[in-house]
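Asker: I'd like to ask some things about the structure below.
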Amino acid sequence: MKPLKLEPVYMKCIWAGNRLQKIRNLNEHGFGISREVCAYKGSGNIVAEGEFAGKNIKEVIENHHEEIMGDDPNTQLIRVAYIDAAEDLSIQVHPNEEYAQRINDYEKSESWYVLEADEGAYITAGVDIEDKAILRKAVEDGTLENYVNRVPVKQGDFVLIPAGLLHACGKNMLVLEIGSFGGITYRIYDYGRPRPLDLEKGFEVLDIDAKYDIKHFPLTQVRSNNCHVGVEHRLFHVDVIDIENEMDILSNGRYYILTCVKGNCVLQCEDELYNLSYTESILVPASSGDIKVKGSCRILKIYYPQR
Numbered sequence: 049m050k051p052l053k054l055e056p057v058y059m060k061c062i063w064a065g066n067r068l069q070k071i072r073n074l075n076e077h078g079f080g081i082s083r084e085v086c087a088y089k090g091s092g093n094i095v096a097e098g099e100f101a102g103k104n105i106k107e108v109i110e111n112h113h114e115e116i117m118g119d120d121p122n123t124q125l126i127r128v129a130y131i132d133a134a135e136d137l138s139i140q141v142h143p144n145e146e147y148a149q150r151i152n153d154y155e156k157s158e159s160w161y162v163l164e165a166d167e168g169a170y171i172t173a174g175v176d177i178e179d180k181a182i183l184r185k186a187v188e189d190g191t192l193e194n195y196v197n198r199v200p201v202k203q204g205d206f207v208l209i210p211a212g213l214l215h216a217c218g219k220n221m222l223v224l225e226i227g228s229f230g231g232i233t234y235r236i237y238d239y240g241r242p243r244p245l246d247l248e249k250g251f252e253v254l255d256i257d258a259k260y261d262i263k264h265f266p267l268t269q270v271r272s273n274n275c276h277v278g279v280e281h282r283l284f285h286v287d288v289i290d291i292e293n294e295m296d297i298l299s300n301g302r303y304y305i306l307t308c309v310k311g312n313c314v315l316q317c318e319d320e321l322y323n324l325s326y327t328e329s330i331l332v333p334a335s336s337g338d339i340k341v342k343g344s345c346r347i348l349k350i351y352y353p354q355r
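Here this note's numbering is used: the first residue of the sequence shown is 49, the next is one more, and so on.
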């Protein structure tokens, strides 16, 4: 099966920035989220071109499971989406696998790769207190910000956000969110905005001991091809690949996703060429051939780890 480009799904948000609008020349503004790759129930992307154009990727997986997924038994894809924030997002938490299964869903762990960020940008990741009762009172009296960890971030940072960790994306940045299959979010704190909170469920899944992990990958001039481990989680792995001129990515019988986070490139798969511009993603099915990437760029290779 040939690589599949999917149509992004743009979502308007009250906190949206304008970076994606400028990068992609969008006619409308106010898009804070762009869902790039997703097969979650009711949220699957549409295939943009080729023999499956116009079909929901979830339907394509159901009808061509082995061709797309190989020996991966899952029917879900690793989620890939952009967050374009001009304001701080709500502080929230996601359930782990044990809790998610009780509500017929999946664990939601995720990671953030920072493509662009203003000076002084930060994320919220974890808390510095071990008493949930104090945190709950802080939410109710509007002082939660006194107890959370504010972590400075910059372009090229990669942060792992495990399920159960209290977290939030900060203002003035564009990040790529890569995560597991789940779709459940419990909003804990929203800076006084009049949106509903999910305190009971949120505090039930909150893991006081959960820790974030952060790595930095400087965007220096690439003088040779190199590949580094970006994040490793039992539900998704991401490699950070810098390419000087061209590089081969060999097929291994599992699907993967390529996202261009610096520069532009052309992908060659057998006799077909695919342009991959800055911020674009492409889904490479398990049955696809080897990929040759041509161009000076940084790409992320996103894949489900072998068990």
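Virtual Cβ for every residue (Gly too), placed ideally from N, Cα, C.
1. Compare the C-alpha of Q140 against each of L213, G337, K340, E318 and name the closest.
2. F79 lies in the beta strand (DSSP E); which residues open and close that run?
3. What are the start and end residues of the beta strand (DSSP E) that includes A181?
4. Identify every run of the beta strand (DSSP E) within the region 105 to 146, keeping only runs that are complete inside it and at least 3 residues long; order them along the chain.
5. Less than 8 Å between the CB atoms is what I'm expecting for A211 and S157, so what's the real figure, rounded?
6. Classify M59: buried if its beta carbon has 16 or more other beta carbons within 10 angstroms, exposed otherwise.
7. Which word fits T123, buried or exposed, when buried means at least 16 other C-beta atoms lie within 10 angstroms of its C-beta?
8. Ends of the beta strand (DSSP E) at R346?
9. Residues in the same chain with beta-carbon distance under 7 Å from G343, minus the five sequence neighbours each way, listed in chain order, please.
10. Could you check what DSSP says for V270 in three-state terms: helix, strand or coil?
11. Counting only the same chain and skipping the five closest in sequence on each side, list residues whose C-beta sits under 8 Å from that of D296.
12. Which runs of the alpha helix (DSSP H), 4 residues or longer, sit entirely within the region 187 to 265?
13. Could you tell me the distance, in whole angstroms, from the CA atom of G301 to the CA atom of Y352?
14. Give me the Cα-Cα distance between Y161 and E114, rounded to the nearest whole angstrom.
15. Taking the alpha-carbon positions, what's the L224 to Y130 distance?
16. Could you tell me whether the Cβ atoms of K219 and D136 are closer together than 8 Å?
17. According to DSSP, is A148 part of a helix, a strand, or is it coil?
18. With distances taken from CA atoms, which of Q203, P200, V175 is nearest L192?
19. Tell me whether K70 sits in a helix, a strand or coil according to DSSP, three-state version.
20. Where do the N-terminal and C-terminal ends of the beta strand (DSSP E) with N323 fall, by residue?
21. Taking the beta carbon of I289 as the centre, do at least 16 other beta carbons fall within 10 Å, making it buried, or is it exposed?
22. Report the partner residues of M21 according to the DSSP bridge assignment.
23. Run through the DSSP bridge pairs and tell me what E164 is partnered with.
24. Cα separation between I71 and V201?
25. Would you call the CB atoms of S336 and S299 closer than 8 Å?
26. What would DSSP say about A64, mapped onto helix, strand or coil?
27. Using the Cα positions of V286 and I126, report the straight-line distance between them to the nearest angstrom.
28. Straight-line CA distance for S272 to H281?
29. Which same chain residues end up closer than 6 Å to H276 when comparing Cβ atoms and leaving out the 5 residues on each side of it in sequence?
30. Taking 8 Å as the cut-off, decide whether the C-beta atoms of N93 and I81 are in contact.
31. Quick one: what's got a C-beta closer than 6 Å to E167's C-beta in the same chain, skipping five residues either side?
Answerer: If we stick to the structure as given:
1. L213
2. 79 to 85
3. Premise fails: A181 lies in the alpha helix (DSSP H), 180 to 189, not in any beta strand (DSSP E).
4. 127 to 133, 139 to 141
5. 5 Å
6. exposed
7. exposed
8. 345 to 351
9. I291, G311, N312, C313, V314
10. coil
11. D338, I339, K340, V341
12. 247 to 253
13. 11 Å
14. 30 Å
15. 5 Å
16. yes
17. helix
18. V175
19. helix
20. 320 to 324
21. buried
22. The structure shown does not extend to residue 21, since the chain spans only 49 to 355, so no value can be given for it.
23. L222
24. 21 Å
25. yes
26. strand
27. 11 Å
28. 27 Å
29. V288
30. no
31. none
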